[in-house]
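Novice: Before I ask anything, let me first share the structure, which is written out below as structure tokens.
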Amino acid sequence: MPRLPVISGKELIMALKKAGFVEVRQRGSHISLQKVTSEITHKTVVPLHRELAKGTIIDILHQTGLSRDDLLELL
80 MPRLPVISGK ELIMALKKAG FVEVRQRGSH ISLQKVTSEI THKTVVPLHR
130 ELAKGTIIDI LHQTGLSRDD LLELL
């Protein structure tokens, strides 16, 4: 598996928007995004930190249904 890059919350949000996610709301320094498909609705919250922890990125990928490879292509 490829290693995850060190990215900011803004960079991750831009990548998720390329994957079809839309901003639903913002509360403080956290942005809620969602993507509605015919089968399921994927929801996640991304903190606007300068550097996201690897565990946070992995959790967001699980919530969105994206793989590491998908994320690397979107960045």
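With the working numbering applied, the sequence shown covers 80 to 154.
From the three backbone atoms N, C-alpha and C, an ideal C-beta is built for every residue, glycine too.
Nearest to Gly144 by CA position, among Leu154, Lys133, Glu90 and Lys114, is which residue?
Specialist: Residue Lys114 is the option with its Cα nearest to Gly144.
Novice: Following the continuous alpha helix (DSSP H) through Arg147, name the residue where it begins and the one where it ends.
Specialist: Where Arg147 is concerned, the enclosing alpha helix (DSSP H) stretches over Arg147 to Leu153.
Novice: With burial defined as no fewer than 16 other Cβ atoms inside 10 Å of the residue's Cβ, what is the status of Ala132: buried or exposed?
Specialist: Flag for Ala132 reads exposed.
Novice: Would DSSP call Ile119 helix, strand or coil?
Specialist: Ile119 falls in the coil class under three-state DSSP.
Novice: Excluding the 5 residues preceding and the 5 following Pro84 in the sequence, name in chain order all residues of the same chain whose CB lies nearer than 6 angstroms to its CB.
Specialist: Excluding sequence neighbours, Pro84 sits near nothing in its chain.
Novice: Tell me, to the nearest whole angstrom, how far the beta carbon of Glu147 is from that of Ser87; I am working on the premise that it is less than 8 angstroms.
Specialist: The sequence as given places Arg at residue 147; Glu does not occur at that position. Not really, about 17 angstroms apart at Cβ, beyond 8 angstroms.
Novice: Tell me the DSSP secondary structure of His141 in three-state form.
Specialist: His141: helix per DSSP, three-state reduction.
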